[in-house]
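One point on numbering: in my numbering, the residue at position 397 of the sequence shown is 405, and numbering is uninterrupted.
Think of the CB as a built atom: it goes at the ideal place given N, C-alpha and C, for glycine as much as any other residue.
Presented below is the structure to which this report refers.
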Amino acid sequence: MAIWQAELTTLMSALTYASAALALLYLFRARGTLVLGIRRWLLVAVLAAASGLQALLLFGLARGGAAAFVLAATAAQLAAGIGLWVLLAGIKPLRAGAMGRGMRRQIDQANDRAAAARATLELAEAMARFGHWQVDRAGRVFEWSTAMYRMHGVSPATFLPSLDAVLASFHADDRQPLSTALLAALAGGGEFELRLRLCRADGEMRHVIMSGRSLMPGIVCGVLVDITAGHQAEARLREATAAALHANTALRELTLEDGLTGLSNRRQFDLSLVHEFKRAVRSGLPLGLALIDIDNFRAYNAAYGSIAGDACLRRVAQAVKSIPRRTGDVVARHRGGQIAVLLPLADDKGAERVATVILEAVRALQILHEGADSGFLTVSCGVAAFTSLADVNNPQELVRRAGQALDKAKTEGRDRIVKFDLSLNGDLYDFHNPPQPLDMAYWIKNRVS
């Protein structure tokens, strides 16, 4: 081989390697399109022709003819260019940059979806007033939502969540139950729910419910729900309920209490009479009644005026009310200046003893009354008692008998006690002619069967 032929062979080898490198570089820098620009395809064809020239040249030189070498080189270049063009036209260039951009696009989309989900969760937590958290056995808090910072009244820049810091943010009386529940969940799994008092950084106390559940051994997650508004509503409801009960009690007292004397009124007496009579019938125990009337009370009002009369009635009522009695005894203003004392478990003798104490108590008041024989206010009393249905078969009969005994005490000179007996015409009650039809209607409706 001649020197010029060797030099030409070396030059063509260099062109071959350079063209191959440029072709590969071009393929990797392509923009991912199937159809390349015309100028780029021309460059590819030239480089491809140069790439095959060396092999063809060597073949021609080996044959030893210059004319054959030229023809062979020209044909080989044309064939190589066409072949490489066909090859490149059927291959979609692979690009590391395109693949990277696709992956980045997917990652960006996933990040966008995650950010949207987190924003939705934060909005839900803000609207529902709850936050979520997650803690491990070592006391590390590695999940602490934005709502948790807001509920504690702290900033992420100044507050580092930890188990000790979280426990310290609750009321002193609530820390031990919360610590016990958390440690139990971290150690053995399970779940808990506690109603706690959260002390915010600004000093405000919030009422919360903390719920937690073990995700896996050593990790617990949960939510903290602010129920302060509900707690305040419950407190207002309790206050309103208490006020309503107080108002109902006051109303009941107004409807069942005599406004002048403070004693039970006639309605309360009638209700108590029916109730105690039914109980006496069931138990077979006695029920006593004493009717007390201020002597010459009309004359007292006429002489001293209605204001003094009201004051006198109040003093007598308080004297009667202050006498020691059994639980269940009822002292009520019956009508006008008349007071009724209902005495469960007392027979006529027991009722008479109570009446005696009442008379002495009124005498001890020493209320001046110029119209009285003694110069002081006195009272008269009639007593009666239920012992069996064969004797008294309805509550109003008991009242009628005590009233007859009271009338007898008045006619006999006042300031005395008369005990009912059948000589006072105490026949059984006539249902066809009741003296107080409204009271008897109530009794008939609720009578003992």
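Threshold first: 4 residues or longer. Then list the alpha helix (DSSP H) segments lying entirely within the region 127–186, N to C.
154–160 and 171–176
Please report the straight-line C-alpha distance between LYS427 and GLY379, rounded to a whole angstrom.
26 Å
Is the region 391–402 touching the region 357–370, taking contact as three or more C-beta pairs under 8 Å?
yes
Compute the distance between the beta-carbons of VAL328 and ILE375, then report whether it is under 8 Å.
no
Should the region 170–187 be regarded as contacting the region 237–257, the criterion being three or more beta carbon pairs within less than 8 Å?
No, the region 170–187 is not in contact with the region 237–257.
Let me know if ALA315 comes out buried or exposed under the rule of 16 or more other beta-carbons within 10 Å of its beta-carbon.
The sequence given here has Ile at residue 315, not Ala. Around the beta-carbon of ILE315, fewer than 16 other beta-carbon atoms lie within 10 Å, marking it exposed.
Is it the case that the region 402–415 contacts the region 302–316, given that we only count it when at least three CB pairs across the two stretches are under 8 Å?
no
Just confirm the distance between the C-beta atoms of TRP141 and GLY226, as a whole number of angstroms; I'd bet it's less than 8 Å.
TRP141 to GLY226, Cβ: 15 Å. No contact.
Cutting at 7 Å between CB atoms, please list the residues of its own chain near GLY147, excluding the five before and the five after it.
SER170, LEU171 and ASP172
Using a 10 Å radius around the Cβ and a threshold of 16 neighbouring Cβ atoms, would you call ASP381 buried or exposed?
ASP381 is exposed by the Cβ-count criterion.
Which whole-angstrom value describes the C-beta separation of LEU194 and VAL228, a residue pair presumed to lie in contact below a C-beta threshold of 8 Å?
5 Å
Checking 8 Å against the spacing of the C-beta atoms, do SER272 and VAL349 come in under that value?
Taking 8 Å as the Cβ cut-off, SER272 and VAL349 do not qualify as a contacting pair.
Residue range of the alpha helix (DSSP H) that ALA363 falls in?
356–373
Could you give the first and the last residue of the continuous alpha helix (DSSP H) run that contains GLU284?
Where GLU284 is concerned, the enclosing alpha helix (DSSP H) stretches over 274–291.
Determine the burial state of GLN114: buried for a count of at least 16 other Cβ atoms within 10 Å of its Cβ, exposed for fewer.
exposed
For the candidate residues ARG221, LEU373, LEU432 and MET159, whose alpha-carbon lies nearest to that of ASP144?
Considering only ARG221, LEU373, LEU432 and MET159, the residue with the shortest C-alpha distance to ASP144 is ARG221.
Alpha carbons only, please: which of ASP399, VAL324 and ALA192 is nearest the one belonging to ILE302?
VAL324
Could you check what DSSP says for SER220 in three-state terms: helix, strand or coil?
At residue 220 the sequence reads Gly, which differs from the Ser that was named. In this structure, GLY220 counts as strand in the three-state DSSP scheme.
To the nearest angstrom, report how far apart ARG334 and GLY238 are at their CA atoms.
ARG334 and GLY238: Cα-Cα distance of roughly 47 Å.
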